[in-house]
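Numbers given in the working numbering equal positions in the sequence shown, counted from 1, plus 30.
Below you'll find the structure, written out as structure tokens, and then a few comments.
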Amino acid sequence: MGVGVLSSQAITEGAFVLTSFLTAFAIMILYLFHIRVIDEVRDYYHDTIHHSNRPLPRGTHSLQELELWDRVALLLFFTLLLTTNPWAFLGGIMVWGYTFMARHEFFIGPRLKNKFFLYNTLNLVQLFLLQTTIYVIFQVQWFKDPSVWLHLWLLGNLSLILELFRKVRRKEQESSGQDTYSANFGFRRTLSAISFLTLLSGGICFLLLFLYKISFLA
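Written out as structure tokens, the structure is:
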């Protein structure tokens, strides 16, 4: 995450500024914590049945404790955004609004959750919106630079790779919840997707380095 924020600053501001880096890094950590809490709360009953070894079903933490810390994290998140610029604060409101809808399964209910790929894709959009907010912290008009779009594509690929790795299991390791990519698309297909995205990410990295070198020489 730190590398993602640092590279975001480098590609938008073109220089390392400690205060803005630390602010953006803290904002990202706080919001990722919020997303994690939302996931835990939303999936609590599913996890109680199919993943009883996880912290919440085991009683290590309570929903009330998590929601209290979540409120603190959100308060800090918006407070830090206020120290940046109005557009970043607006971006924070937009991503929070999207997460609010995701928490309530976009007001569609179980029908959406049964569409495994669509459901997970819609939830990943939160990371895209959060990343654009990080760009705005460093440079309001980031969208005018093609290299930043490439960087966003790269980070999107890396996020998807992590998401796939997080939810891939061998057949004998699958739970009764059938809530992994390997359970829905097959173990080999999931690994093939990870390999493809890894190669694609490598190509984007080389292209970004090439563009950075050209702009530096210019």
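C-beta atoms are modelled at their ideal positions from N, C-alpha and C, and glycine is treated no differently.
Nothing here was measured: the structure is a model prediction, and the numbers come from that model.
Compute the distance between the beta-carbons of Leu142 and Leu152, then report whether it is under 9 Å. yes
Could you check what DSSP says for Val125 in three-state terms: helix, strand or coil? helix
Quick one: residues in its chain with C-beta nearer than 8 Å to the C-beta of Phe217, no 5 flanking neighbours on either side, listed in chain order? Val198, Arg199, Arg200 and Lys201
Given this structure, state the Cα-to-Cα distance separating Ile244 from Ala40, to the nearest angstrom. Confidence at Ile244 is low in this model, with a pLDDT of 46, below 50, so its placement is unreliable and the value that follows should be read with caution. Computed Cα separation, rounded: 15 Å.
Buried or exposed: Leu127, going by 16 or more other Cβ atoms within 10 Å of its Cβ? The sequence given here places Gly at residue 127; Leu does not occur at that position. Exposed is the call here.
Counting only runs that start and end within the region 60 to 96, where is the beta strand (DSSP E) found for 3 or more residues in a row? none
Cα separation between Ala45 and Trp183? 21 Å
Let me know the secondary structure DSSP gives Thr109 once reduced to three states. helix
My output table needs one value for Ile167: the three-state DSSP class, helix, strand or coil. helix
With a threshold of 7 Å on Cβ separation, who are the neighbours of Leu230 within its own chain once the five nearest residues in sequence on each side are excluded? Asn187
Does DSSP put Ile41 in a helix, a strand or coil? helix
Own chain, CB closer than 6 Å to Val67, minus 5 neighbours either side, in chain order: Leu96 and Asp100
Drop a sphere of 10 angstroms on the beta-carbon of Tyr61, count the other beta-carbons inside from all chains shown, and report buried for 16 or more, exposed for fewer. buried
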